[in-house]
Amino acid sequence: MIELLNISKEYNSVQAVDKLHIKIQPGRICGFLGPNGAGKTTSIRMLMNIIQPDEGEILFNGKQDRPNAVEIGYLPEERGLYQKISVSETLHYFAHLRNVKQAHEKIISILDRFELQDRLHSKVNELSKGNQQKLQFINTILHDPEYVILDEPLSGLDPVNQLLLKEILEDMKKAGKTIIFSSHQMEQVEKICDDVALINKGKLILSGSLTQILREYGKTHLQVTPENESDLAHPVLTEADAAIRNGSAYILLSGRNKSDLIARINKAMDIRTIKVAEPGLEDIFIQLVKGDHK
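Counting in our numbering, the sequence shown runs from 30 upward without gaps.
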């Protein structure tokens with residue numbers, strides 16, 4: 030288990046992290062979520078002992094002593110690969126540093142799983158952005174660490190490879206690994222994580238089981254997407270106190286007659302789609318951060 034106990038960090042009078050208190054259980058994937066600039070990366074750097082918190086403490090299995098480096102797999106947001114050497118040289122080099130047994134067999138096996146076996150002798154700078162991200166993820170988990178800390182791991186990955194990453198994380202979870210998954214892509218993380226911690230401006234907004242949070246905070250809306258975007262300003266929507274996001278209007282259904290509401294909207298404008306929308310993490314986060322409870 031990893032515990033962040035009221036950690037804080039300030040830079041030039043800006044409070045990057047403010048008394049953050051989170052516990053990450055082994056055998057579960059904890060999504061560490063928030064918009065850009067929320068304090069996620071600063072928190073991870075404190076967790077990794079790259080920078081020190083101004084106050085608070087970080088415990089691994091109840092102890093202040095940090096695990097050995099080989100017990101941690103860290104995928105930073107910024108790529109840290111040597112660009113001028115091959116995929117094979119990269120993985121063999123880091124496997125040697127971490128004393129990985131039967132390194133070559135493991136490298137070939139995991140490259141095959143990521144469909145990179147034919148790029149074994151390619152230089153890193155010859156790989157696409159997505160393949161470089163896959164290589165960095167492979168490098169993060171090749172030594173089978175107990176603690177896996179991933180900062181924006183979905184960057185550059187297409188849906189097929191996002192699914193593959195999810196499958197591998199599920200395998201690691203079953204093996205009892207402690208996994209932190211930091212991202213601002215809430216829709217994708219919602220498909221992967223068991224627990225979440227939502228932060229904004231360095232403060233913890235909400236944490237706990239994803240299932241429980243969705244049940245407790247979720248509010249069902251009617252999602253209306255008109256043919257003409259200008260109709261998002263139509264009185265039938267504004268009078269219903271609709272929230273406008275990404276070309277759609279969201280109307281809270283609580284206390285409303287759904288059939289009557291749909292009939293009035295259909296009469297007022299041409300509709301592309303209209304459906305009942307179950308809330309997701311992003312909706313809940315917006316409600317909590319902006320005070321938008323619509």
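Every residue, glycine too, gets a C-beta built ideally from N, C-alpha and C.
Look at the alpha carbon of residue i and the alpha carbon of residue j, and state the distance between them as a whole number of angstroms.
i	j	result
Val43	Ile234	18 Å
Tyr122	Leu183	24 Å
Lys323	Asn229	Here the model assigns Lys323 a pLDDT of 43, short of 50, so the residue's position is not dependable, and the following value carries that caveat. Lys323 and Asn229: Cα-Cα distance of roughly 20 Å.
Val99	Met77	12 Å
Asn295	Ile170	52 Å
Ile73	Leu198	19 Å
Tyr40	Lys69	14 Å
Ser115	Leu62	34 Å
Ile273	Pro188	27 Å
Arg301	Asp260	11 Å
Lys48	Gln214	24 Å
Gln165	Leu239	28 Å
Ile167	Asn190	12 Å
Asp173	Leu140	15 Å
Gln316	His263	23 Å
Val265	Asn275	19 Å
Ile137	Gln161	16 Å
Ala278	Val218	24 Å
Lys195	Arg293	43 Å
Val203	Asn286	At residue 203 the sequence reads Lys, which differs from the Val that was named. Roughly 45 Å separates the two Cα atoms.
Asn97	Glu258	55 Å
Please identify the residue among the options whose C-alpha is closest to the C-alpha of residue i.
i	options	result
Leu290	Glu268, Asn275, Ile137	Glu268
Thr71	Pro55, Leu33, Ile53	Leu33
Asn90	Ile31, Leu186, Lys69, Gly276	Ile31
Asn154	Lys113, Ser138, Asp141	Lys113
Lys179	Glu216, Ser157, Ile221	Just to set this straight, residue 179 is Leu in the shown sequence, not Lys. Residue Ile221 is the option with its Cα nearest to Leu179.
Glu84	Arg95, Pro174, Lys38	Lys38
His133	Phe143, Glu118, Glu144	Glu118
Asp312	Lys195, Glu245, His172, Ala45	Glu245
Pro255	Lys232, Ala271, Met298	Met298
Ile53	Ser236, Ile303, Lys304	Ser236
Asn35	Gly231, Leu317, Gln217	Gly231
Glu307	Asp270, Glu216, Ser211	Glu216
Ser212	Asp200, Leu126, Asn257, Leu310	Leu310
Gln305	Ser288, Phe314, Arg293, Val318	For clarity, residue 305 is Val in the given sequence; the question names Gln instead. Taking only the C-alpha atoms, the option nearest Val305 is Ser288.
Tyr176	Asp270, Met201, Leu194	Met201
Asp270	Val253, Gln93, Glu258	Val253
In the structure shown, what three-state DSSP assignment does residue i receive?
i	result
His50	strand
Tyr111	coil
Lys130	coil
Asn35	strand
Leu156	coil
His328	Nothing can be reported for residue 328: it is not among the residues displayed for the chain, which extend from 30 to 323.
Gln44	strand
Phe89	strand
His125	helix
Glu311	helix
Met30	coil
Lys304	strand
Ile242	helix
Leu62	strand
Ile79	coil
Glu84	strand
Asn286	coil
Phe143	coil
Asp94	coil
Ser72	helix
Lys17	As shown, the chain starts at 30 and ends at 323. That puts residue 17 outside it, with no answer to give.
Ser117	helix
His322	With a pLDDT of only 43 at His322, under the threshold of 50, the placement of this residue in the model should not be trusted; the figure read from the coordinates follows. Here His322 sits in coil by DSSP.
Pro182	coil
Between residue i and the ligand ZN, is there a pair consisting of the residue's CB and a ligand heavy atom that are separated by less than 7 Å?
i	result
Gly63	Only the bare structure without any ligand can be found here, which leaves the ligand ZN out of the picture.
Per DSSP, what are the beta-bridge partners of residue i in this structure?
i	result
Arg57	Thr207
Gly237	Val225
Tyr176	Ile101, Thr207
Val253	Ala278, Ile303
Ile294	According to DSSP, which records beta bridges pairwise, Ile294 is partnered with nothing at all.
Ser212	Leu62
Lys232	Asn229
Ile273	Ala278
Three or more C-beta pairs below 8 Å linking the stretch 276-283 and the stretch 242-259: yes
I want to know whether the stretch 195-208 touches the stretch 54-63 - three or more CB-CB distances under 8 Å.
Contact between the stretch 195-208 and the stretch 54-63 is present, because at least three Cβ pairs lie under 8 Å.
Q) So, do the stretch 150-169 and the stretch 78-85 have three or more beta carbon pairs nearer to each other than 8 Å? A) no
| query | Quick one: any contact between the stretch 105-113 and the stretch 180-195, if contact means 3 or more CB pairs under 8 Å? | reply | yes
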